[in-house]
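Participant: To start, I am sharing the structure in question, which I have written as structure tokens.
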Amino acid sequence: MVSVTASCMQVESHEAWKRATNKISKRKYRSNYQRKGLYTLPQINIDSFDHVHKECLLDLALFPADKKISADALLDIWVYVEKLQRSEAFAILSELADRNLLNLTGNPRGSTIVPCGNASELYISQRDVIRDLVFDLGHEDNILHRKRLSIERKNGSLLGKHELLRGRAFDTRILCILTGRMEENDWYDMNFPETEALLLLFTSTEYFLPPFLKSMKKLKFLMISNCGTNKATVKGLDILSSLTQLKSVRLERLISPLGGKQGIEALQYLEKLSLSLCEGFENIPAFTSLQDLNLDHNNDLEELPLGICNIPSIVSLSITNCHQLQNLPYDFGKMSNLRMLKLSELPCLEQLPASIGKLEQLEYLDISLCEILTELPKEIGQLKKLRELDMRECSNLTTLPSTVCELHSLKLVTCDETIGKQWLRVKNTSIPELRVEIVEAYFSLDWLDV
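When we follow our numbering, the leftmost residue of the sequence shown carries the number 44, and every step to the right adds one.
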């Protein structure tokens, strides 16, 4: 903690920043004078950021300290609220990590996935000292006019000393609410007409969505995350029917998150849907605008929901760590606009459908750690725009179909040594510009700590 804080504060005196660290972490300041004194030196570093970097850093402080959060969630806020391009947003994320203002962790095998716009395997966390420092810097305005607001339920009260503000209109654009179990009557009547991003973080096996969601007509990003160890059921989904501006929804550790029809109509406008550590969903409606779909760690998923193949608008599909998934539907090739397909760590996936050859726009394909996959379909040669292929740690895939010689747009293949020798022959005979990266197996249990 000391070394991280020191690098952020850039204080010359070791004892000076050590004392500041202790005071901040123990929250021992008693007055505005003390508080401002503690933050004078750190602000030298933070105030050197340009406006965009500073806004992104303040957004980060809304997330709890010392907890892994999907990097995709933060990136979505920067894209939909801060109006950044995703590539620019990720560059800022990496820079904040380089400055030790956040910890960026994830699957080291995913080195090539980031340029394709998908950070589903990356996670962020932050030290409590840094988070408290930045959090307070972003909460100096009047509570009604703050761009960012974090509300926590303590001692049975949601608003605490701000209870008198019930019913007032907040200017908040990014709102985070941390609670335990919430019933419908536990929520206060609150009004957030300007909110564009909402984080609902809770620890419980049952949760009722806040009724005041209906006032969030500008909401673009919604995250509902159960931070407990057991999965939770969520009630009140019918409130989503009023949120016609929603662009991205992220659901974590939930049971049947899309099981009913209530509220599904509003999701017709979605551009991105992420389901992580969820179970019990069998159908995903054919959202006409959906471009990005992530399914991660959904342990009871044996078959893909039928509706997925009927969403031709999908550009990016990521299915990872779904250990019961055995087959992909025959109609898989109907997703004609798909450019990125990630089928990683699917140990029961037996084969790829022949219709994969119909994905004429596909540029990136990841089948890493599909351990029982024994062959690639000959139709893979029809992927004329394929540029990158990741097939590392596919231990039973030992031969290539002759049609891979037709992949003239292929620039990079990442694989193990055995299959790598065959790719080198393909390079020498048919695709001279191909780069073959031969890597060793990587063993890690980091995915358990999600």
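The beta-carbon is built from N, C-alpha and C at its ideal position, and this holds for glycine as well.
The structure presented is a predicted model; accordingly, all values stated were derived computationally and were not measured.
Just checking my contact of I415 with N380 at CB under 8 Å: how many whole Å lie between their CB atoms?
Facilitator: For the purposes of this step, residue 415 is taken as residue 372 along the sequence shown, with counting starting at 1. For the purposes of this step, residue 380 is taken as residue 337 along the sequence shown, with counting starting at 1. Incorrect: roughly 29 Å between the Cβ atoms, too far for contact.
Participant: Determine the extent of the alpha helix (DSSP H) in which R129 is found, giving its start and end residues.
Facilitator: For the purposes of this step, residue 129 is identified with residue 86 of the sequence shown, where counting begins at 1. Here the alpha helix (DSSP H) through R129 covers 129-141.
Participant: Using beta-carbon positions only, say whether L405 and K428 come within less than 8 Å of one another.
Facilitator: Residue 405 sits at position 362 when you count from the first residue of the sequence shown. Residue 428 sits at position 385 when you count from the first residue of the sequence shown. It is a contact, given that the beta carbons lie within the stated cut-off.
Participant: Alpha carbon to alpha carbon, how far is T276 from C99?
Facilitator: As a working mapping, residue 276 is identified with position 233 in the sequence shown. As a working mapping, residue 99 is identified with position 56 in the sequence shown. The straight-line gap from Cα to Cα measures roughly 32 Å.
Participant: Please name the residue, chosen from N143, W121, R142, that lies closest to F133 on a Cα-to-Cα basis.
Facilitator: Locating residue 133 in the sequence shown gives position 90, where the first residue counts as 1. The shortest Cα separation from F133 among N143, W121, R142 belongs to W121.
Participant: In three-state terms, what does DSSP make of V122?
Facilitator: Within the sequence shown, numbered from 1, the residue matching residue 122 stands at position 79. Helix at V122.
Participant: So M383 packs on Y407, CB below 8 Å; how close in whole Å?
Facilitator: Residue 383 sits at position 340 when you count from the first residue of the sequence shown. Residue 407 sits at position 364 when you count from the first residue of the sequence shown. The Cβ separation is near 5 Å, so the contact holds.
Participant: Buried or exposed for K385, going by 16 or more other Cβ atoms inside 10 Å?
Facilitator: In the sequence shown, residue 385 corresponds to position 342, counting from 1. With 16 or more other Cβ atoms within 10 Å, it is buried.
Participant: Pick helix, strand or coil for D2, following the three-state DSSP scheme.
Facilitator: The structure shown does not extend to residue 2, since the chain is modelled only from 44 through 493, so no value can be given for it.
Participant: Roughly how many whole angstroms lie between the Cα atoms of L389 and Q311?
Facilitator: Position 346 of the sequence shown holds residue 389. Position 268 of the sequence shown holds residue 311. For L389 and Q311, the distance between alpha carbons rounds to 29 Å.
Participant: Three-state secondary structure (DSSP) at D339?
Facilitator: Start at 1 with the first residue of the sequence shown, and residue 339 comes out as number 296. Three-state DSSP puts D339 in a strand.
Participant: Less than 8 Å between the beta carbons of P582 and S268, yes or no?
Facilitator: No statement about residue 582 is possible, as the shown extent of the chain runs from 44 to 493 and does not include it.
Participant: Excluding sequence positions up to five away, which residues of its chain have a Cβ less than 6 Å from the Cβ of I112?
Facilitator: As a position in the sequence shown, residue 112 is number 69, starting the count at 1. F106, I167.
Participant: Reducing DSSP to helix, strand and coil, say where I415 ends up.
Facilitator: By one-based count along the sequence shown, residue 415 stands at place 372. Coil, per DSSP.
Participant: From what residue to what residue does the alpha helix (DSSP H) around T461 run?
Facilitator: Here the question's residue 461 lines up with position 418 in the sequence shown. Taken as a continuous stretch (DSSP letters only), the alpha helix (DSSP H) holding T461 covers 460-472.
Participant: Return the chain-ordered ranges of every beta strand (DSSP E) run that is complete within the segment 184-265 and spans a minimum of 3 residues.
Facilitator: Within the segment 184-265, the complete beta strand (DSSP E) runs of at least 3 residues are 191-195, 217-222, 240-245, 249-251.
Participant: Suppose contacts are defined by Cβ-Cβ distances below 8 Å. Is V479 in contact with G463 by that definition?
Facilitator: Counting from 1 along the sequence shown, the entry for residue 479 is found at position 436. Counting from 1 along the sequence shown, the entry for residue 463 is found at position 420. Going by C-beta atoms, V479 is nearer than 8 Å to G463.
Participant: Bridge partners for G149 per DSSP, in chain order?
Facilitator: Residue numbering aside, residue 149 sits at position 106 when the sequence shown is read from its first letter. L165, per the DSSP bridge assignment.
Participant: Distance, Cα to Cα, R129 vs R430?
Facilitator: By one-based count along the sequence shown, residue 129 stands at place 86. By one-based count along the sequence shown, residue 430 stands at place 387. Near 20 Å, if we compare the C-alpha coordinates of R430 and R129.
Participant: Under a Cβ-count criterion, where at least 16 other Cβ atoms within 10 Å of its own Cβ denotes burial, should P300 be classed as buried or exposed?
Facilitator: Your numbering for residue 300 matches position 257 in the sequence shown. The residue in question, P300, is buried, as its Cβ has 16 or more Cβ neighbours within 10 Å.
Participant: Can at least three beta-carbon pairs, one atom from the segment 275-291 and one from the segment 246-257, be found at a separation below 8 Å?
Facilitator: Verdict: yes, contact present.
Participant: Throw me the rounded Cβ distance for the E422 and A397 pair, which I believe falls under 8 Å.
Facilitator: Taking the first residue of the sequence shown as position 1, residue 422 is located at position 379. Taking the first residue of the sequence shown as position 1, residue 397 is located at position 354. With a Cβ gap of about 5 Å, E422 and A397 count as contacting.
Participant: Below 8 Å on the Cβ atoms is my guess for F264 versus S291; work out the distance and round it to an integer in Å.
Facilitator: Here residue 264 refers to the residue found at position 221 when the sequence shown is read from its first residue. Here residue 291 refers to the residue found at position 248 when the sequence shown is read from its first residue. About 5 Å; that satisfies the 8 Å criterion.
Participant: Expressed to the nearest angstrom, what Euclidean distance is found between the alpha-carbon atoms of L242 and L360?
Facilitator: The residue given as residue 242 occupies position 199 in the sequence shown. The residue given as residue 360 occupies position 317 in the sequence shown. Their Cα atoms are separated by approximately 23 Å.
Participant: Measure the beta-carbon distance from L336 to I357 and round it to whole angstroms, keeping in mind my assumption that it falls under 8 Å.
Facilitator: Here the question's residue 336 lines up with position 293 in the sequence shown. Here the question's residue 357 lines up with position 314 in the sequence shown. The Cβ separation is near 6 Å, so the contact holds.
Participant: What does the alpha-carbon distance come out to for the pair E449 and L313?
Facilitator: The residue labelled residue 449 in the question sits at position 406 within the sequence shown. The residue labelled residue 313 in the question sits at position 270 within the sequence shown. If I take the Cα positions, the gap works out to 36 Å.
Participant: Residues in the same chain with beta-carbon distance under 7 Å from A212, minus the five sequence neighbours each way, listed in chain order, please.
Facilitator: On the sequence shown, residue 212 is found 169 positions in, with the first residue counted as 1. For A212, where only same-chain residues beyond five positions count, the Cβ hits under 7 Å are N234, P236.
Participant: What is the C-beta distance between R196 and T222, in whole angstroms, given that I count them as a contact (C-beta under 8 Å)?
Facilitator: Position 153 of the sequence shown, counting from 1, holds the residue named residue 196. Position 179 of the sequence shown, counting from 1, holds the residue named residue 222. Yes, R196 and T222 are in contact; Cβ-Cβ is about 4 Å, under 8 Å.
Participant: Would you call D115 buried or exposed, if buried means 16 or more other Cβ atoms sit within 10 Å of its Cβ?
Facilitator: Against the sequence shown, residue 115 aligns to sequence position 72. Buried: at least 16 other Cβ atoms inside 10 Å.
Participant: Work out the CA separation of D102 and G214 for me, nearest whole Å.
Facilitator: As a working note, residue 214 is residue 171 in the sequence shown. As a working note, residue 102 is residue 59 in the sequence shown. In the sequence as displayed, the identity of residue 214 is Asp instead of Gly. Cα to Cα, the separation comes out at about 15 Å.
Participant: Do you know offhand how far E460's Cα is from Q288's?
Facilitator: Residue mapping note: residue 460 aligns to position 417 of the sequence shown, counting from 1. Residue mapping note: residue 288 aligns to position 245 of the sequence shown, counting from 1. Approximately 48 Å, taken between the alpha carbons.
Participant: Pick out whichever of Q367, E483, P420 has its Cα sitting closest to the Cα of E322.
Facilitator: Here residue 322 is taken as the residue at index 279 of the sequence shown, counted from 1. Minimum Cα distance to E322 is reached at Q367.
Participant: With DSSP as the reference, label N269 as helix, strand or coil.
Facilitator: For this step, residue 269 is matched to residue 226 along the sequence shown. The answer is strand: DSSP assigns N269 an E or B state.
Participant: For G347 and L139, I'd like the C-alpha separation in whole angstroms.
Facilitator: As a first step, residue 347 must be located in the sequence shown, where it is residue number 304. As a first step, residue 139 must be located in the sequence shown, where it is residue number 96. According to the sequence shown, residue 347 is Leu rather than Gly. The straight-line gap from Cα to Cα measures roughly 36 Å.
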